[in-house]
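A.B. asks:
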Ligand code: AMP
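Residue numbers (this note's numbering): 1 to 634.
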């Protein structure tokens with residue numbers, strides 16, 4: 001472990017020296033004056049005074065050497081479309097998109113909200129924003145209109161880029177009505193909405209505010225748009241994520257620090273080299289998509305594969321066929337996808353030639369041991385789990401094979417990544433935990449380059465949310481429990497807050513509770529996350545009805561449950577839909593009225609809820625038990 005230990009130690013003890021060296025990986029139009037500004041903790045500013053541009057680093061810079069290399073390979077098993085863009089072609093498309101945006105008034109510092117499915121234009125739009133110095137905010141295409149409206153009101157975009165429709169599992173989802181409803185709900189009215197017309201939507205819906213992209217693209221076909229040189233600490237994007245409150249937080253990322261961190265991670269964690277092909281099966285709406293479908297592979301000169309579709313359509317062999325056809329070297333996905341694939345015919349994996357594949361990376365949720373063992377044996381290649389969050393932008397825990405190929409430990413994503421002063425702390429005292437002792441995973445100040453710089457428009461919330469859980473200490477809380485062994489390997493033990501993780505997607509139980517409460521029949525509600533063999537966790541809802549009598553008959557109850565699920569779909573999107581909605585007469589609460597969510601989750605998982613001395617009425621627990629028995633477990 002000496003190499004790794006020494007590497008990590010240097011990154012923590014001499015961060016300026018460490019990151020000054022790493023900063024050579026990217027192009028600086030103007031060199032930075034100061035590596036790190038720590039004058040205003042917990043805020044940190046990296047590469048102060050340096051001017052650079054993410055689009056230049058991801059695309060323009062490679063034109064001299066790899067103009068004819070594929071930059072982006074797009075495959076949609078939903079539409080049957082496959083397209084390849086060389087770096088030269090990607091450059092041209094980004095310039096067209098940037099010119100179109102500029103013609104619609106977008107300028108440096110403006111926000112552009114991107115509500116798009118997995119299509120190449122999403123990549124063009126994000127990189128066009130980077131080129132113009134505009135701040136993109138990508139909203140996952142599965143989010144419903146009210147979620148979209150909340151993000152419009154927070155980011156106040158000058159432009160929305162959307163498409164006529166998305167597609168998943170063979171089902172077309174019309175986007176125009178969702179955008180329509182979101183705009184009607186939002187206070188902020190963006191002057192323009194640009195639409196990529198895929199000709200997918202069953203009905204040609206038109207709205208007066210919609211501008212179609214294709215005619216404008218033709219108009220600006222040969223236009224070159226110069227890169228705006230941004231100060232390293234200007235924002236590049238805002239990405240919303242769920243927390244404990246019903247209001248999502250806009251995670252803000254800088255420019256220079258992000259580019260450096262991603263470029264370094266491609267060598268030390270992912271071992272990706274220019275000319276390699278990387279397939280990250282995520283969505284551009286999530287942080288993994290931002291960092292490892294788009295920015296990191298392109299900054300490092302790789303070919304990135306973008307995939308629209310599920311892992312099992314047309315059949316469970318599709319991803320492995322892609323590896324063979326496109327000679328994929330690096331693959332990155334979430335454990336849920338593997339659990340889905342594990343249920344498929346094992347012969348499918350053996351049918352494809354996987355010799356090009358070097359490593360499979362997994363992140364986003366706990367990797368269970370059976371799945372880890374299965375895929376490691378089946379592939380016969382390293383499987384590298386890595387732990388991080390939207391906030392950090394790149395891994396905090398991993399086996400950093402590009403530094404030292406330490407042995408894997410089943411059930412652990414590995415050891416702290418260079419740059420992160422990661423420690424486990426006692427929740428009450430803030431003391432560093434002894435090996436084997438459970439604690440909260442925290443990061444010391446300063447966070448390394450690439451991590452969130454603040455909450456959009458709310459510096460105070462950044463400090464109060466992330467930096468205030470351990471009194472008198474400058475520590476960032478990840479809100480994850482963990483345990484570290486003698487060799488430094490950390491195992492993740494779940495969240496300390498009311499956030500749950502369904503199939504690698506982070507959801508706030510409070511958001512789901514608020515959605516359910518909006519239904520007229522609901523008086524009170526508790527949503528908890530419970531273990532699920534496929535998705536890692538699922539949400540279960542327990543509701544107290546205003547008029548229980550009315551829903552006593554079996555069919556009325558079933559109808560209400562369906563109706564409540566539909567309410568969540570409409571408010572948040574189908575990804576947030578609870579697996580079951582159970583009706584109870586009373587919810588377990590403390591005498592001061594706090595919901596005992598952990599006790600409910602324990603019962604739902606068949607565990608003992610333990611001693612609850614502060615419970616207001618212990619019979620509420622029996623209510624939950626009865627509801628679970630009557631309704632069947634998730
Ligand atoms: P998100 O911000 O949506 O990426 O969610 C981040 C959260 O997902 C973390 O705080 C963890 O709770 C969980 N998570 C991410 N990666 C892992 C991993 N490799 N192992 C266990 N949990 C993970």
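Just so you know, even glycine gets a beta-carbon here, dropped at the ideal spot from N, CA and C.
Buried or exposed for residue 51, please, with buried defined as at least 16 other CB atoms from any protein chain shown within 10 angstroms of its CB.
C.D. replies: Buried, since its Cβ has 16 or more Cβ neighbours within 10 Å.
A.B. asks: How close, in whole Å, do the beta carbons of residue 178 and residue 112 come, if the pair is a contact with beta carbons under 8 Å?
C.D. replies: That belief does not hold up - the Cβ atoms of residue 178 and residue 112 are roughly 18 Å apart, past 8 Å.
A.B. asks: Give me the Cα-Cα distance between residue 273 and residue 302, rounded to the nearest whole angstrom.
C.D. replies: Rounded to the nearest angstrom, the two C-alpha atoms are 7 Å apart.
A.B. asks: Taking residue 165 as the reference, give the member of 188, 140, 537 with the closest Cα.
C.D. replies: For residue 165, the nearest C-alpha among the options comes from 140.
A.B. asks: Check whether the Cβ atoms of residue 130 and residue 233 sit closer than 8 Å, and answer yes or no.
C.D. replies: Cβ atoms of residue 130 and residue 233: not closer than 8 Å.
A.B. asks: Does the stretch 26 to 36 come close enough to the stretch 104 to 124 to have 3 or more Cβ pairs within less than 8 Å?
C.D. replies: No contact exists between the stretch 26 to 36 and the stretch 104 to 124.
A.B. asks: Helix, strand or coil: which one does DSSP assign to residue 61?
C.D. replies: Helix.
A.B. asks: Considering Cα atoms alone, identify which of 610, 339, 392 is closest to residue 446.
C.D. replies: Among 610, 339, 392, the Cα nearest to that of residue 446 belongs to 392.
A.B. asks: Please list, in chain order, all residues of the same chain as residue 259 whose beta carbon is under 7 Å from its beta carbon, the five residues on each side excluded.
C.D. replies: Correct list, in chain order: 26, 52, 54, 57, 299.
A.B. asks: What three-state label does DSSP hand residue 8 in the structure shown?
C.D. replies: Reduced to three states, the DSSP call for residue 8 is helix.
A.B. asks: Residues in its own chain within less than 7 Å of residue 293 by CB, not counting five upstream and five downstream?
C.D. replies: Excluding positions up to five away in sequence, the list reads 280, 282, 284, 304, 306.
A.B. asks: Would residue 455 and residue 249 be called neighbours here (beta carbons separated by less than 8 Å)?
C.D. replies: Yes, these two residues count as a Cβ contact at 8 Å.
A.B. asks: Which of helix, strand or coil does DSSP assign to residue 364?
C.D. replies: The answer is coil: DSSP assigns residue 364 none of H, G, I, E or B.
A.B. asks: Restricting to Cα atoms, I'd like to know which of 163, 473, 124, 171 is closest to residue 205.
C.D. replies: If we check each option's Cα against that of residue 205, 163 comes out closest.
A.B. asks: When you compare only the Cα positions, how much space is there between residue 2 and residue 382?
C.D. replies: Between residue 2 and residue 382, the C-alpha separation is close to 21 Å.
A.B. asks: Please state whether the Cβ-Cβ distance between residue 390 and residue 251 is less than 8 Å.
C.D. replies: Yes. Within cutoff.
A.B. asks: From the DSSP output, which residues share a beta bridge with residue 477?
C.D. replies: Answer is 442, bridged to residue 477.
A.B. asks: If we require 3 or more residues per run, which beta strand (DSSP E) segments fall completely within the stretch 278 to 327?
C.D. replies: Listed in chain order, the complete beta strand (DSSP E) runs (minimum 3 residues) inside the stretch 278 to 327 are 303 to 308.
A.B. asks: So, are the CB atoms of residue 544 and residue 515 less than 8 Å apart?
C.D. replies: No, they are not a contact pair.
A.B. asks: Which parts of the stretch 337 to 362 are runs of the alpha helix (DSSP H), unbroken and 4 residues or longer, counting only runs that do not cross its ends?
C.D. replies: Here the runs fully enclosed are 347 to 351.
A.B. asks: What are the start and end residues of the alpha helix (DSSP H) that includes residue 645?
C.D. replies: Limits of the chain in this structure are 1 at one end and 634 at the other, which puts residue 645 out of reach.
A.B. asks: Within 10 angstroms of its Cβ, does residue 254 collect 16 or more other Cβ (buried), or is it exposed?
C.D. replies: Under this definition residue 254 is a buried residue.
A.B. asks: Is it the case that the stretch 61 to 74 contacts the stretch 468 to 476, given that we only count it when at least three CB pairs across the two stretches are under 8 Å?
C.D. replies: With the cut-off at 8 Å, the stretch 468 to 476 and the stretch 61 to 74 do not touch.
A.B. asks: Roughly how far, in whole angstroms, is the beta-carbon of residue 196 from the beta-carbon of residue 308, given that I think they are within contact range, below 8 Å?
C.D. replies: In fact, because the Cβ distance is near 13 Å, the residues do not count as touching under 8 Å.
A.B. asks: Starting from residue 153 and walking both ways along the alpha helix (DSSP H), at which residues does that stretch end?
C.D. replies: Counting along the chain, the alpha helix (DSSP H) containing residue 153 begins and ends at 145 to 155.
A.B. asks: For residue 506 versus residue 242, is the C-beta spacing smaller than 8 Å?
C.D. replies: Taking 8 Å as the Cβ cut-off, residue 506 and residue 242 qualify as a contacting pair.
A.B. asks: Check for me: the alpha helix (DSSP H) holding residue 95 runs from which residue to which?
C.D. replies: It spans 87 to 103 - the alpha helix (DSSP H) in which residue 95 sits, taken as one unbroken run.
A.B. asks: Work out the CA separation of residue 339 and residue 385 for me, nearest whole Å.
C.D. replies: Cα to Cα, residue 385 sits roughly 14 Å from residue 339.
A.B. asks: Examine the Cβ distances between the stretch 216 to 235 and the stretch 183 to 190 and report whether three or more of them are shorter than 8 Å.
C.D. replies: Contact between the stretch 216 to 235 and the stretch 183 to 190 is absent, because fewer than three Cβ pairs lie under 8 Å.
A.B. asks: In the structure shown, what three-state DSSP assignment does residue 521 receive?
C.D. replies: Coil at residue 521, not helix or strand.
A.B. asks: Secondary structure at residue 571, three-state DSSP: helix, strand or coil?
C.D. replies: Three-state result, residue 571: helix.
A.B. asks: With distances taken from CA atoms, which of 405, 597, 125, 109 is nearest residue 230?
C.D. replies: Out of 405, 597, 125, 109, 109 has the C-alpha closest to the C-alpha of residue 230.
A.B. asks: Measuring from the CB of residue 287, is there a heavy atom of the ligand AMP at a distance below 7 Å?
C.D. replies: Residue 287: yes, Cβ under 7 Å from the ligand AMP.
A.B. asks: Does DSSP put residue 527 in a helix, a strand or coil?
C.D. replies: In this structure, residue 527 counts as strand in the three-state DSSP scheme.
A.B. asks: How big is the Cα-Cα spacing for residue 62 and residue 132?
C.D. replies: Those two C-alpha atoms are separated by around 19 Å.
A.B. asks: Is residue 401 near the ligand AMP, with its Cβ less than 7 Å from a heavy atom?
C.D. replies: No, the ligand AMP has no heavy atom inside 7 Å of this Cβ.
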